[in-house]
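**Student:** Under UniProt numbering, the very last position in the sequence shown is 401; numbers go up by exactly one each time.
We put the CB at the ideal spot given by N, CA and C, even for glycine.
Quick caveat, the model's predicted, so the values are computed rather than measured.
Input: one structure, supplied below.
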Amino acid sequence: MDHTISIARSVTRATPNERLEELKARNVSTLGNQQPFEDRDLNKVMDLYLYEAMRDGDVKKFINTLEEVSESRGLALSLIFDQVTPSGNSLLHVAASSRSEHVVELTELILVHSPCLMTRKKLLRGYSALCRRGKVDIIHELVKTSDLAEMKNKKSENILHATAKGGDNNTVQCILKECGEPVFKKLANLKDISGNTPLHLASMNNHCQVMLSLVRNQRSDVKLLNNDKMTALDVAMNPESWSSPWPLVATVTFTAGFTLPGGHNASGDPHPGTAVILHNPVFQVFVISDMLAMHCSILGAVSLLWAHSSDPNVAEESYLLRALLLLMALSFTTVAFCAAVTVAVSKLIWLTTLVVYLTCVYLPICVLALAAFIFPQSPPAKLLFFIYYLAMTNQDHQSGD
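The structure is reproduced here in structure tokens:
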């Protein structure tokens, strides 16, 4: 369908902006065609040709499809822009997955004619998708067209809240780069309904890289309090986050002490109540490991009391002690479990070998991962982070090919 405008006996092809303005004028918004979609409304699903045009960055095809959908379904332009794919992706998600260099022009055109799209609830997710895929040009247009600080969800969370809570450091870095000083300062220090800033949420979820990015930028006020009168540092050092492992480890090791592998001697035996395989070396390893795991878990639970100390040095030492005790408790529990299973299957050599081999592989990984969390500046921790980022980089390259 060709669209032309007659000017002084000459015919001029209409520009995309003029075609959209004409479409908005022809399909005037009414209560019928501007009513929000219901969950099961078929009109909520994005038209396939509209999706393909957005993905390809084809402006002409996109506007042609808009006209067809608007006429055939009787929908206002704002509702068409609000349609999503069957998987729930908006137009911005489609733009994020596009490899076309023309998608920037099409995105800018949509934002100019439908600024209400910037307040849609799916915008935060779409913005994150754009950042993750490195669509810097589109992000730049979004920053120019919208007030990111005013875009919030029902919990009063902005884009930085969403990315900090999800641990998406790439998006945080992208926002840092694209937003100016006043905008980012407002984003970083804005509180949600619980009084939490993005730094609070990153601390709650132990996203260390996001925390580091926000603090290094020096525009995040680290002294802000949430509704519980806690700073981001208080949240990170909250002893409640360390309280859950101790009852679990203590319960497992305590139960294992009364359900010994091999069972007990009966009352008619010379030594009633004692372990049947008392002199088995592997069984002795089980007993020692189980006892040490039990003691470490109890001592770790007791050390929680010191975390409430008003002395920050004492609280910090308590944090380090709990971390070390957790590392030891989990290690001894793993060894005890391996020893118990080894005793039970000792008659089958290949299965015994497999159990020992798997434990020898798992235990160093577990110890290294937890030690890297406790001592993030140590050489093993840096090695682990390097391996992790190398693996993630290779995965991104493979997905991009």
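#1: Need the endpoints of the alpha helix (DSSP H) that Val45 sits in, please.
#2: What three-state label does DSSP hand Ala76 in the structure shown?
#3: DSSP three-state call for Ala14: helix, strand or coil?
#4: Can you tell me whether DSSP reads Val335 as helix, strand or coil?
#5: Report the rounded CA-to-CA distance for Lys60 versus Leu48, giving the unit in angstroms.
#6: Going straight from the alpha carbon of Ile288 to that of Ala336, what length do you get?
#7: Sort Leu351, Leu330, Thr353, Thr352 by Cα distance to Leu363 and report the nearest one.
#8: How many Å lie between Trp350 and Asn280 at the Cα?
#9: From this set, Thr197, Leu176, Thr342, which residue's C-alpha is nearest Val356's C-alpha?
#10: Taking the C-alpha atoms as reference points, what is the distance between Pro86 and Leu370?
#11: Provide the residue(s) that pair with Val84 in DSSP beta bridges, ordered along the chain.
#12: Would you mind giving the Cβ-Cβ distance between Val222 and Leu233, rounded to the nearest angstrom? I have them listed as a contact below 8 Å.
#13: Check whether the Cβ atoms of Leu176 and Leu109 lie closer than 9 Å to each other.
#14: Counting along the chain, where does the alpha helix (DSSP H) carrying Arg219 start and finish?
#15: Alpha carbons only, please: which of Ala164, Ile277, Leu327 is nearest the one belonging to Cys296?
#16: Answer yes or no: do Asn64 and Ala53 have a C-beta to C-beta separation smaller than 9 Å?
#17: Using alpha carbons as the reference points, say which of Val94, Pro16, Asn89 lies closest to Leu66.
#18: When the Cα atoms are used, what is the spatial distance from Asn189 to Thr359?
#19: Look at the alpha carbon of Thr171 and the alpha carbon of Glu178, and state the distance between them as a whole number of angstroms.
#20: Is the beta carbon of Leu214 sitting closer than 9 Å to the one on Leu199?
#21: In the DSSP assignment, the alpha helix (DSSP H) including Thr163 goes from what residue to what residue?
#22: In chain order, what residues of the same chain have a beta carbon less than 7 Å from the beta carbon of Asp228, not counting five sequence neighbours either side?
#23: Rounded to whole angstroms, what is the Cα-Cα separation between Ser72 and Ile80?
#24: Taking just the CA atoms, how far does Ala25 sit from Asn205?
#25: Are the Cβ atoms of residue 407 and Ser194 separated by less than 9 Å?
#26: Kindly indicate the opening and closing residues of the alpha helix (DSSP H) around Val285.
**Tutor:** So, from the listed chains and residues:
#1: Numbered from its first residue, the sequence shown carries residue 45 at position 45. Taken as a continuous stretch (DSSP letters only), Val45 belongs to no alpha helix (DSSP H), as it is neither H nor E.
#2: In the sequence shown, residue 76 corresponds to position 76, counting from 1. Assignment of Ala76 by DSSP, reduced to helix, strand and coil, places it in the coil class.
#3: In the sequence shown, counting from the first residue as 1, residue 14 sits at position 14. For Ala14, the secondary structure class from DSSP, reduced to helix, strand or coil, is coil.
#4: Position 335 of the sequence shown, counting from 1, holds the residue named residue 335. Three-state DSSP puts Val335 in a helix.
#5: Translated into positions along the sequence shown, residue 60 becomes position 60. Translated into positions along the sequence shown, residue 48 becomes position 48. Between Lys60 and Leu48, the C-alpha separation is close to 15 Å.
#6: Along the sequence shown, read from residue 1 onward, the residue named residue 288 stands at position 288. Along the sequence shown, read from residue 1 onward, the residue named residue 336 stands at position 336. If you draw a straight line from the Cα of Ile288 to the Cα of Ala336, it comes to about 8 Å.
#7: Numbered from its first residue, the sequence shown carries residue 363 at position 363. In this structure, Leu330 is the residue among Leu351, Leu330, Thr353, Thr352 with its C-alpha nearest to the C-alpha of Leu363.
#8: Here residue 350 refers to the residue found at position 350 when the sequence shown is read from its first residue. Here residue 280 refers to the residue found at position 280 when the sequence shown is read from its first residue. Using only the alpha carbons, I get a separation of about 19 Å.
#9: Sequence index remark: in the sequence shown, residue 356 carries index 356 (1-based). The residue with the shortest Cα to Cα distance from Val356 is Thr342.
#10: Position 86 of the sequence shown holds residue 86. Position 370 of the sequence shown holds residue 370. Roughly 40 Å between the two C-alpha positions.
#11: By one-based count along the sequence shown, residue 84 stands at place 84. BP columns for Val84 point to Val45.
#12: Taking the sequence shown and counting its residues from 1, the one referred to as residue 222 is at position 222. Taking the sequence shown and counting its residues from 1, the one referred to as residue 233 is at position 233. With a Cβ gap of about 7 Å, Val222 and Leu233 count as contacting.
#13: For the purposes of this step, residue 176 is taken as the residue at position 176 of the sequence shown. For the purposes of this step, residue 109 is taken as the residue at position 109 of the sequence shown. Contact check for Leu176 against Leu109 fails: the beta carbons are separated by 9 Å or more.
#14: Stepping through the sequence shown from its first residue, residue 219 is reached at position 219. Unbroken run through Arg219: none, as it is neither H nor E.
#15: To locate residue 296, count along the sequence shown from 1; it is residue 296. Closest by alpha carbon: Leu327.
#16: Locating residue 64 in the sequence shown gives position 64, counting from the first residue. Locating residue 53 in the sequence shown gives position 53, counting from the first residue. Against a cut-off of 9 Å, the Cβ pair of Ala53 and Asn64 comes out as a contact.
#17: Indexing the sequence shown from 1 puts residue 66 at position 66. Leu66 has its Cα closest to that of Pro16, out of Val94, Pro16, Asn89.
#18: Walking along the sequence shown from the start, residue 189 turns up at place 189. Walking along the sequence shown from the start, residue 359 turns up at place 359. One C-alpha to the other measures close to 46 Å.
#19: In the sequence shown, counting from the first residue as 1, residue 171 sits at position 171. In the sequence shown, counting from the first residue as 1, residue 178 sits at position 178. When only Cα atoms are considered, Thr171 and Glu178 end up about 10 Å apart.
#20: The residue given as residue 214 occupies position 214 in the sequence shown. The residue given as residue 199 occupies position 199 in the sequence shown. One thing to note: Leu214 has its Cβ within 9 Å of the Cβ of Leu199.
#21: Along the sequence shown, one-based indexing puts residue 163 at 163. Taken as a continuous stretch (DSSP letters only), the alpha helix (DSSP H) holding Thr163 covers 159-166.
#22: Position 228 of the sequence shown, counted from the start, is the residue given in the question as residue 228. Counting only residues of its own chain and dropping the five nearest sequence neighbours on each side, Asp228 has no CB closer than 7 Å to any other CB.
#23: Locating residue 72 in the sequence shown gives position 72, where the first residue counts as 1. Locating residue 80 in the sequence shown gives position 80, where the first residue counts as 1. Roughly 12 Å between the two C-alpha positions.
#24: Start at 1 with the first residue of the sequence shown, and residue 205 comes out as number 205. Start at 1 with the first residue of the sequence shown, and residue 25 comes out as number 25. About 49 Å.
#25: What is shown of the chain runs 1 to 401, which leaves residue 407 out entirely.
#26: Within the sequence shown, numbered from 1, the residue matching residue 285 stands at position 285. Per DSSP, the continuous alpha helix (DSSP H) segment holding Val285 begins and ends at 281-303.
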